[in-house]
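For the sequence shown, the positions run 1273 to 1423 when our numbering is used. For glycine and all other residues, C-beta sits at the position ideal for the given N, C-alpha and C. Since the model is a prediction, treat every value here as computed from it, not as a measurement.
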Amino acid sequence: MRPTNGSPGAREVISFQPFDGDVWSEIIEPGTADRFNTVEWALSDDRERVNEFLELMFHSLRSKLRPLEISYHRDGEYFYFTATRDLQPKRISYRSFKNITTRTVFQGFPSKDDPTHMRYYRHTAFGAQFFRFEGVWYLAITPTYTSPSTG
């Protein structure tokens, strides 16, 4: 959906969700939103419309990952598991092909000279990029690690 407020300086809000409900009433005037079929954007050849669709998908992905304590690092353009409050290791459980297993997604590594001092913290991370092939959108995930000081 996209509000169609044509006033100078008006800003657009684009969403997969309709602008119904009280939460939107303070920023979108009734009757100023247009509905579009998602397919119109997903399969468009118009670069601007495709870029808007990509932005919507990115923000949707970011929103889905937030409850999993996965944040986005703008400068590095990757998602990463956030640090724990006490900087203790963070492990997650997941289902592999055969079993339920765990993986450490945040961990500190002590200094070799002083084991009481953490040399760095490592976060499991991944790059995410959307691609369209033959009219179907795919999310490519590139696993990596990052070591900002504390996430």
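The C-beta of Ala1412 has fewer than 16 other C-beta atoms within 10 Å across all chains shown, which makes the residue exposed. Under the DSSP assignment, Phe1330 falls in the alpha helix (DSSP H) whose first and last residues are 1319–1337.
Pairwise C-beta distances place the segment 1350–1365 out of contact with the segment 1284–1292, as fewer than three of them are shorter than 8 Å.
According to the DSSP assignment, Ser1343 belongs to the beta strand (DSSP E) that extends over 1342–1345. Pairing Thr1356 with Phe1378 gives a Cβ-Cβ distance under 8 Å. As far as DSSP is concerned, Arg1391 takes part in no beta bridge.
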